[in-house]
Structures are given as C-alpha cells and as structure tokens.
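Following: one structure in structure tokens, then a few remarks.
Residue numbers (the UniProt record's numbering): 1 to 156.
The structure is reproduced here in structure tokens:
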C-alpha cells in the first residue's frame, strides 16, 4: 500500500489523477467508512478521516486506514484529527460521531476536486490560516467557480 497523495501535493513525483481514478479512490474510501459505520450494534466511528489515512495500492484502490482504537473510545481529543477535517460540532463536543466522519469525508471530497490541502496559509501579510470549505465558499461567492477545480482535473 502507498500513502495517498490527494491533498494538494503538487511537487515532483506527484501522480496526476484523472477523474476516473479520483472517483475510484473516493468510492472505495466511502465503502470503507460505511462498513465501519455498519459494524455491530454499536455506532462505530472512524474518528480520524483525512487524506493521509487513505492508502492506495498499485491499482489506486483506496483503503481507509488508521482506525485504531477510535471505535472503543467515547472521547477523541481534537488534536488527533487533522485541523482542516474537524466538524465544527466535534470541536465543541470533542466527541467523534458518524456525522463528524461524514463531515471529514466531505472535506476529503473537496480535496479530490480542488487538488488543495484542507488547510492553507492565505499568503496575505497576516498569513491567515484558511480552511478548504471557507476557501471554496469564498471562491464560489465571488463567482470564480472555475478556480475551484484542480487544473489537472480540468484536462479530462
């Protein structure tokens, strides 16, 4: 298995993912999360869904990893989850839920579509930290919708 590279790494050695590959990775990850949520009579959660926890094989099959002890824990400190993936409700309650897993998966989807990381430094004088949902919302609000999608994706 290989670590995924779906979150904005545009450096040397990056594999350009076409739409079919992105869809395949996303669907496999979604099935893995659904399997975790459907397991047993208890409401299991992953609690740490992020792009670096999606492993890829040579065929680019996505596999959700790093579930660890999350299903056994009632309390997940917010520092364990990548900052750009945290559901606002989870930040407040500090408890992982299936709903917070879905929120994190949506952030992963945004990474796949935009080719950007979940957290970015704005590049302004103040170097503000901008999360991906806020960035997408601002770009759409300014009617720069074409700017949202990864240029690599626009080639297909």
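Think of the CB as a built atom: it goes at the ideal place given N, C-alpha and C, for glycine as much as any other residue.
Just so we're clear, the structure is a prediction, and the values are computed from it rather than from any experiment.
Is the beta carbon of residue i sitting closer than 9 Å to the one on residue j?
i           : j           : result
residue 51  : residue 108 : yes
residue 110 : residue 119 : no
residue 64  : residue 55  : yes
Roughly how many whole angstroms lie between the Cα atoms of residue i and residue j?
i           : j           : result
residue 157 : residue 60  : Here the chain covers residues 1 to 156 and nothing more, so residue 157 does not appear.
residue 145 : residue 138 : 10 Å
residue 99  : residue 58  : 31 Å
residue 37  : residue 92  : 22 Å
residue 33  : residue 135 : 26 Å
Whose C-alpha, out of the options, is nearest the C-alpha of residue i?
i          : options      : result
residue 96 : 152, 19, 44  : 44
residue 86 : 151, 114, 46 : 46
Where does residue i fall in DSSP's three states?
i           : result
residue 131 : strand
residue 47  : coil
residue 60  : coil
residue 25  : helix
residue 91  : helix
residue 102 : helix
residue 54  : strand
residue 115 : coil
I'd like the list of long-range same chain contacts for residue i, defined as Cβ closer than 6 Å, with 5 residues on each side in sequence excluded.
i          : result
residue 28 : 61, 62
Under 8 Å Cβ to Cβ from residue i, same chain only, skipping five residues before and after it: list those, please.
i           : result
residue 140 : 148
residue 26  : 62, 108, 109, 112
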